[in-house]
Each structure stands twice: as C-alpha cells, then as structure tokens.
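Data block below; observations after.
2 protein chains.
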Amino acid sequence: MAGPGPAGESKYFCNSSVMLELTGRRGCDTTGVNENGLSYFEDYRLGATYECGSVSVDQASIVAFGKEFDPQPFHVDPVAAASGPFGGLIASGWHTAALVMRLLVENYLSAESSLGSAGLDELRWPHPVRPGDTLRVRGTVVESRRSLSKPDRGIVKTAVEAVNQEGQTVMRATAINFMLVRPDPGT
Amino acid sequence: MAGPGPAGESKYFCNSSVMLELTGRRGCDTTGVNENGLSYFEDYRLGATYECGSVSVDQASIVAFGKEFDPQPFHVDPVAAASGPFGGLIASGWHTAALVMRLLVENYLSAESSLGSAGLDELRWPHPVRPGDTLRVRGTVVESRRSLSKPDRGIVKTAVEAVNQEGQTVMRATAINFMLVRPDPGT
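Protein chains in written order, with numbering that gives the first Met the number 0: chain B, 0 to 186; chain R, 0 to 186.
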C-alpha cells in the first residue's frame with residue numbers, strides 16, 4: 000500500500016490529478032525545485048555532489064543557541080570558554096547541525112518530495128566552529144534505492160559535509176532521507 | 000602530554016592547586032555536580048542508566064525552530080502539514096535533538112569535566128514529535144575507557160533515548176563524549 004501523500008505547501012502539492020492536468024508532466028509548480036534542480040527521488044544521482052551554499056555564524060547566535068539548548072560553558076560564556084578545553088567560545092554541535100540543515104532544506108531537499116529523515120549515521124564534529132566562521136555545505140549521494148514496501152518513494156543516503164573558510168571539516172554525517180518518486184504522468 | 004584544562008564556569012574551575020587546597024579532595028565546588036551525581040569520567044558506570052528529566056514541546060516552539068533552521072512545510076505550516084506525510088505538524092529532528100541535549104547538559108554531562116563530543120552514531124527519529132508531546136530522556140553508559148593518548152581524560156559512549164508520554168521512542172543515538180578523569184588529590 001502506498002504511503003501518505005507528499006509534503007509540500009499547498010501551492011506545491013502535486014499528488015492530485017487536477018494539478019497534473021493543470022501543470023503538465025511534472026505535475027508541480029516548478030518554483031518548488033531547488034537551485035540544484037532536485038525535485039524527485041530520481042533526480043538525486045548516485046555519486047553526484049551538490050553544493051548547498053554557505054552560512055556565517057557570529058558570537059551572539061552561538062551564545063543564544065547555547066543558552067537555549069546546550070548551556071555548557073564553552074558555548075555560552077566567552078570568559079570561561081577562554082580558559083576551557085577549546086581556548087575560546089565554540090558553537091554547539093547541534094547549532095552547527097541546524098545551520099547545515101537550513102542549507103540542505105534550501106538547496107538540496109525538495110519541498111515537493113521530501114518525506115523527512117530516518118536519521119543520520121556517523122555524525123561527527125571533527126573541528127570546532129568559532130565566531131566569525133563561514134561554513135560551506137555540500138552533499139554527495141552515496142546510496143539511492145526504491146522502497147520495497149512503499150513504491151511511491153525512494154531512500155537517498157547523503158554524505159553531508161560542512162567545511163569552514165580554511166577548508167577544515169567542521170561536520171560530517173550520512174543522512175538518510177525518504178523522497179517521493181516522480182509521479183507517473185499517465186496516472 | 001596532557002590536554003587542555005577542564006571546561007567549567009570560573010567558580011567550578013578545578014584544575015588549580017589553590018582550588019584543591021581550598022575545597023579538598025574533589026578540588027571543586029560540588030554545586031558543579033549534576034543531580035545524578037556525575038562529575039568525572041569515573042562516575043559514569045558502564046551499564047548504568049541515568050534518568051535525565053523531561054521536556055514538553057508546543058506548536059509555537061516547533062514552528063519557531065523550523066522557521067529558523069528547518070523550514071520544511073511539515074515543520075512550519077500547520078495547514079500544509081495537515082495534508083502532508085505526517086498528517087500534521089511535527090518537530091524538526093534537530094529541534095528534538097537540541098531539547099534532548101538541554102536535558103543531558105542539566106542532568107548527565109558535568110560542567111566540571113565535559114570536554115565536548117566527537118559526535119553521535121546511529122541518530123534516529125523513529126516516531127514524530129508533535130505539539131503537546133512531553134519527552135523523557137535517559138542515558139545508558141555503553142562504553143567507557145581511558146584515553147590512550149591523553150591520560151587526563153576518558154571516552155564515554157552513551158545510548159541516549161527520548162520517549163514520549165505514550166512510551167514511544169522519538170529519538171535514539173549513541174553519543175561519544177570526552178570527560179576529564181578525577182584529579183589526583185596528591186598532585
């Protein structure tokens with residue numbers, strides 16, 4: 000049995016025959032496609048690397064995130080952090096992950112077909128993120144297969160990497176995402 | 000060569016001989032110990048499970064986090080989410096992780112000895128978190144060993160689990176943390 004319908008704001012909702020008639024083969028308003036041209040499961044090519052943009056992080060946002068979610072001294076207190084294990088304030092790894100996610104949502108995941116994530120394997124923060132850093136994010140498709148139990152979707156595994164302005168990797172992980180396959184124009 | 004000094008707000012900073020003299024064997028103000036009595040590497044007993052409290056999540060905070068970091072329709076738009084893959088609004092997995100982290104910082108990690116995390120393995124969100132859910136968090140020590148290269152610390156691996164009010168697991172992962180060993184009172 001097919002799973003639930005696709006995610007998407009109503010203007011991108013593309014699982015109805017009315018929409019298919021109105022907008023043609025893709026069945027969708029193409030404004031839902033991200034800048035990498037990724038819309039449905041089939042678009043994520045095994046082995047392809049997609050650049051997902053960059054984000055800068057400042058001390059105020061590091062401290063604000065830390066105070067809300069991860070109030071360890073080296074995330075929230077610049078004075079204590081200076082004599083702490085990192086020799087200064089660093090971003091919570093969860094803050095880094097959240098910033099990376101924002102870029103993936105904007106440049107990699109598709110509002111038309113993303114059905115969420117099962118999780119991630121081997122999430123690592125090999126180098127600290129410090130105030131003023133600019134992180135560049137990219138994703139490489141390392142596995143791609145149709146679901147056996149739910150034929151409307153596929154599973155895409157993505158090696159996600161974030162590097163700072165000096166080329167140091169600050170985060171890496173393998174993300175597991177579910178994505179709708181492209182609707183059959185004949186249905 | 001020993002690594003950098005311990006993390007900690009200045010009042011908990013316990014790597015100085017002055018502090019050792021002032022406060023005795025522990026070398027610390029014991030207000031730095033969390034409610035589970037976990038202060039240094041040695042306190043994390045292999046196989047022990049520590050309850051880490053609970054947190055409730057409402058729609059406003061789900062949408063706010065989603066808009067900032069994970070603006071997929073099912074995290075930010077209740078109307079679109081209702082016809083989306085989860086049949087309603089759900090929290091970003093990163094929001095869930097951040098809420099879990101807060102409880103770990105307050106009830107499991109030690110301000111005296113936490114040296115941060117290398118990352119996590121097998122991070123999973125097996126069940127969605129919805130507005131109104133209350134998540135209970137616990138951590139079980141699944142591996143504990145002294146560092147070979149840095150004798151001032153140990154590595155603790157923790158099976159972290161968050162369950163909702165109905166007992167459904169909403170997040171699990173194996174976290175990898177570095178923690179200072181208890182200072183030798185003779186040094």
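Where a beta carbon is used, it is the ideal one built from N, C-alpha and C, also for glycine.
{"query": "Interface residues of chain R around B:Glu142 at Cβ under 8 Å?", "result": "Those within 8 Å of B:Glu142 in chain R number zero; the least Cβ separation is about 16 Å."}
{"query": "Hey, out of R:Met178, R:Arg171, R:Val162, R:Val141, whose CA is closest to R:Pro150's CA?", "result": "R:Met178"}
{"query": "Looking only at C-alpha atoms, which of R:Phe40, R:Phe68, R:Val136 sits nearest to R:Gln164?", "result": "R:Val136"}
{"query": "Using three-state DSSP, classify R:Asp120 as helix, strand or coil.", "result": "strand"}
{"query": "Write down the C-beta distance between R:Leu98 and R:Val56 rounded to the nearest angstrom, noting that I regard them as a contact closer than 8 Å.", "result": "6 Å"}
{"query": "Would you say B:Gly65 reaches chain R, if we count a Cβ-Cβ gap shorter than 7 Å as a contact?", "result": "no"}
{"query": "Of the choices R:Gly87, R:Gly166, R:Pro125, whose alpha-carbon is the least far from that of R:Val172?", "result": "The identity of residue 172 of chain R in the sequence shown is Ala, whereas the question assumes Val. Considering only alpha carbons, the answer is R:Pro125."}
{"query": "Within 10 Å of its beta-carbon, does B:Leu147 have 16 or more other beta-carbons around it, so buried, or fewer, so exposed?", "result": "exposed"}
{"query": "At 3 residues or longer, what runs of the beta strand (DSSP E) sit wholly inside the stretch 38-111 of chain B?", "result": "48-55"}
{"query": "Would you list the residues sitting across from R:Ser143 in a DSSP beta bridge?", "result": "R:Val155"}
{"query": "Compare the C-alpha of R:Tyr49 against each of R:Thr168, R:Val128, R:Asp120, R:Asn106 and name the closest.", "result": "R:Asn106"}
{"query": "Secondary structure at R:Val180, three-state DSSP: helix, strand or coil?", "result": "coil"}
{"query": "Let me know if B:Ala161 comes out buried or exposed under the rule of 16 or more other beta-carbons within 10 Å of its beta-carbon.", "result": "buried"}
{"query": "Leaving out five residues on either side along the sequence, give the residues of the same chain with a beta carbon under 7 Å from the beta carbon of B:Phe68.", "result": "Ser91, Trp93"}
{"query": "Does DSSP put R:Glu34 in a helix, in a strand, or in coil?", "result": "coil"}
{"query": "Check each residue of the stretch 119-135 of chain B: if its Cβ is closer than 7 Å to any Cβ of chain R, include it; give the result in chain order.", "result": "Leu119, Asp120, Glu121, Leu122, Arg123, Trp124"}
{"query": "Does the distance from the C-beta atom of B:Cys134 to that of B:Cys51 stay below 7 Å?", "result": "A small correction: the amino acid at residue 134 of chain B is Leu; Cys does not occupy that position in the sequence shown. Against a cut-off of 7 Å, the Cβ pair of B:Cys51 and B:Leu134 comes out as no contact."}
{"query": "Whole angstroms is fine: what's the gap from B:Val128's alpha carbon to B:Ile89's?", "result": "5 Å"}
{"query": "Please name the residue, chosen from B:Ile175, B:Ile154, B:Met170, that lies closest to B:Glu41 on a Cα-to-Cα basis.", "result": "B:Ile154"}
{"query": "Which chain B residues are close to R:Met100, counting only those with a beta carbon under 9 Å from its beta carbon?", "result": "Phe68, Asp69, Ser91, Gly92, Trp93"}
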